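Undergrad: Starting off with a structure, shown below.
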């Protein structure tokens, strides 16, 4: 990453192979996911942990080929998904803290593990937090892709009786249905929140809110009085949920902010669980690109057209 800006700031360059420091492992990269939050970091919407120029990237799947001091030697040769400390994964060799690695099951490919880790672990953490009862109706915003797609697939297992999803456009609407949604609403339509609230006032028990902004407040009338709850974890609208205590108190509703270090620890604890579930889930990968086409990968993710993950592979050819 040569600077902040458009996808063109991601350029291929030769760099020395990194060496693992104390507590770190060196991974030969097999699959690198292009994550939506990375596009915001690259654009300058959010600050980078390390200023450019820098080797970009936050997650990688591959084989451990070397370990630093204090790391068991028997990890060498093991396949893992790993998170970096803020940069460095868009490369053939990647260093990461040993504590940030999760073993990939034998029956799971590196591509699928890389594609599933972040979104899937967040979905599991959200479902544990929701504490569903087995009789409740849930609304999953952006239920065709990313975290939402895993929420739709897993919600019934965790106690949802009915799953309503939102999606943008006909292709994503159909995909959300394929994943298991009972009803899908096009959130590109104007006043979709008002339409939903008017058609089902006080009947939705849980909203998994990835849109934020004013739509979050508009949906409060659809929540079940006394027990309705909103779990807010995304800002697809560009702003967090515009909800105050004064909005929640009259109907006895709750909003849980699913963010911060304690929340991230909950998602981290779910990583091994979601990797083990991959064979039973819908195929998570849509596009595989060579590593040097990282800019193209960002263009695809920013277009919001893909239904599955975009993966960069050092061994792929254009």
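Residue numbers (full-length UniProt numbering): 1 to 318.
Heads up, the beta-carbon is just placed ideally off N, CA and C, and yes, glycines get one too.
A quick note: this is a predicted structure, and the numbers were derived from the prediction, not measured.
Judging by CA-CA distance, which residue of 316, 315, 299 and 317 is the nearest neighbour of residue 34?
TA: It is 299 whose Cα lies nearest to the Cα of residue 34.
Undergrad: Using CA atoms only, rank isn't needed, just tell me which of 66, 127, 110 and 107 is closest to residue 97.
TA: For residue 97, the nearest C-alpha among the options comes from 66.
Undergrad: Which same chain residues, not among the five before or five after residue 184, have their C-beta less than 6 Å away from its C-beta?
TA: If we look at residue 184 and ignore the five residues flanking it on each side, its Cβ neighbours are 165, 167, 173, 176 and 177.
Undergrad: Since residue 41 and residue 48 should fall inside the 8 Å C-beta cutoff, what is the C-beta to C-beta distance between them, to a whole number of angstroms?
TA: The Cβ separation is near 5 Å, so the contact holds.
Undergrad: How about residue 247 and residue 217: do their beta carbons lie closer than 7 Å?
TA: Yes, they are a contact pair.
Undergrad: State yes or no: is the C-beta of residue 254 within less than 7 Å of the C-beta of residue 204?
TA: No.
Undergrad: Quick check: what's the CA-CA separation for residue 127 versus residue 52?
TA: Those two C-alpha atoms are separated by around 37 Å.
Undergrad: Quick one: using the 10 Å Cβ neighbour count with 16 as the cut-off for buried, is residue 284 buried or exposed?
TA: Counting Cβ neighbours within 10 Å, residue 284 comes out buried, since at least 16 surround it.
Undergrad: Which of the three DSSP states, helix, strand or coil, is assigned to residue 19?
TA: Of the three classes helix, strand and coil, the one that applies to residue 19 here is coil, per DSSP.
Undergrad: Taking residue 294 as the reference, which of 84, 92, 64 and 73 has the closest Cα?
TA: Looking at the Cα atoms, 92 is the closest of the given residues.
Undergrad: Starting from the C-beta of residue 229, find all residues in its chain whose C-beta is less than 8 Å away, skip the five residues before and the five after it, and write them out in chain order.
TA: Cβ neighbours of residue 229 beyond the five flanking positions: 130, 205, 206, 207, 223, 253, 254, 255 and 256.
Undergrad: State yes or no: is the C-beta of residue 220 within less than 7 Å of the C-beta of residue 258?
TA: No, the pair does not count as a contact, with Cβ atoms beyond the cut-off.
Undergrad: So if DSSP puts residue 95 in a beta bridge, which residue, or which two residues, is it bridged to?
TA: Looking at the DSSP assignment, residue 95 forms a beta bridge with 26.
Undergrad: Compare the beta carbon distance of residue 108 and residue 87 with 7 Å and say whether it is the shorter of the two.
TA: Not in contact: residue 108 and residue 87 (Cβ atoms no closer than 7 Å).
Undergrad: For residue 189, which residues from the same chain have a beta carbon less than 8 Å from its beta carbon, with the 5 sequence-adjacent residues on both sides left out?
TA: Once the five neighbours on either side are set aside, the close Cβ partners of residue 189 are 195.
Undergrad: Terminal residues of the continuous beta strand (DSSP E) containing residue 208?
TA: From DSSP, the beta strand (DSSP E) with residue 208 extends over 206-209.
Undergrad: Whose CA, out of 292, 8, 124 and 73, lies closest to the CA of residue 275?
TA: The option with the nearest alpha carbon to residue 275 is 124.
Undergrad: Which runs of the alpha helix (DSSP H) spanning at least 4 residues fall entirely within the region 267-291, listed in chain order?
TA: The qualifying runs are 271-277.
Undergrad: Identify which residue in 135, 76, 77 and 139 has its Cα closest to the Cα of residue 215.
TA: For the residues 135, 76, 77 and 139, the minimum Cα distance to residue 215 belongs to 139.
Undergrad: Straight-line CA distance for residue 56 to residue 32?
TA: Straight-line Cα distance between these residues: approximately 11 Å.
Undergrad: The beta strand (DSSP E) that contains residue 48, what's its start and end?
TA: No beta strand (DSSP E) holds residue 48; DSSP gives it neither H nor E.
Undergrad: Output needed for residue 306: all residues of its chain with C-beta closer than 8 Å, excluding positions within five of it in sequence on either side, in chain order.
TA: Here the set comprises 145, 286, 287 and 300.
Undergrad: Do residue 102 and residue 272 have their C-beta atoms closer together than 7 Å?
TA: Result yes, Cβ atoms of residue 102 and residue 272 sit closer than 7 Å.
Undergrad: Would you mind stating whether residue 119 and residue 90 have Cβ atoms separated by less than 7 Å?
TA: Cβ distance not < 7 Å, so residue 119 and residue 90 don't count as in contact.
Undergrad: Apart from the five residues just before and just after residue 211, which ones in its own chain have a Cβ nearer than 6 Å to its Cβ?
TA: Hits under 6 Å: 141, 236 and 237.
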